[in-house]
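Each residue of the sequence shown is one higher than the one before, starting from 1 at the first, in my numbering. Glycine included, C-beta positions come from ideal geometry on N, C-alpha and C. Written below as structure tokens is the structure these notes are about.
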Amino acid sequence: MNALSFLLVLTGVVLNALAQTLLKHGTNRLGPVDFALSHAFEIGWRVLRDWPFLLGFACYGVSLVVWIAALTRVPVTVAYPMLSIGYIINALIARFWLGETMGLTGWVGIAFICLGVTMIARQGA
């Protein structure tokens, strides 16, 4: 995988991971949601006025465009497994920004993901 291809894949993955953590931050601010139809407008209005949700939606949109560009250059058998980098990014952001915790087993799993992503990236080189 050349440098541009890797950069596109990595950028798409990072933006997707940021979108997820921004949405989680937004839901933390929003609180529990009642999905009754009578509350749909109120909840939708609150979501559309909250910066973490808006930034998360923007990250998703840009990540989609970048991901499409990546897929034009990288085989899906290489690109798609690279999405696993998002698990690593999300775990780190959740730990250090959202204050979430993960046990030793979770961190060992993250280490295995790192190993797997490295193996796939080298295979696609």
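Residue range of the unbroken alpha helix (DSSP H) whose run includes residue i
i, result
"asparagine 2", "Taken as a continuous stretch (DSSP letters only), asparagine 2 belongs to no alpha helix (DSSP H), as it is neither H nor E."
"tryptophan 97", "Looking at the DSSP string, tryptophan 97 is not in any alpha helix (DSSP H), and its letter there is neither H nor E."
"leucine 115", "104–123"
"phenylalanine 53", "51–71"
"alanine 79", "76–82"
"valine 47", "40–48"
C-beta contact flag for residue i and residue j at 9 Å
i, j, result
"isoleucine 88", "valine 117", "yes"
"leucine 30", "tyrosine 60", "no"
"leucine 22", "phenylalanine 41", "no"
"asparagine 90", "alanine 17", "yes"
"alanine 79", "valine 9", "yes"
"isoleucine 113", "serine 84", "yes"
"valine 13", "methionine 82", "yes"
Residue i versus residue j: straight-line alpha-carbon distance, rounded
i, j, result
"glycine 106", "threonine 27", "23 Å"
"methionine 1", "valine 74", "7 Å"
"phenylalanine 57", "leucine 104", "32 Å"
"threonine 11", "isoleucine 120", "17 Å"
"leucine 55", "leucine 48", "10 Å"
"arginine 122", "arginine 46", "45 Å"
"serine 38", "phenylalanine 6", "46 Å"
"alanine 36", "aspartate 50", "21 Å"
"glycine 109", "leucine 115", "10 Å"
"alanine 70", "glycine 99", "32 Å"
Residue from the options with nearest C-alpha to residue i
i, options, result
"tryptophan 97", "His25, Leu7, Leu8", "His25"
"leucine 64", "Ser84, Arg46, Leu37, Ala19", "Ala19"
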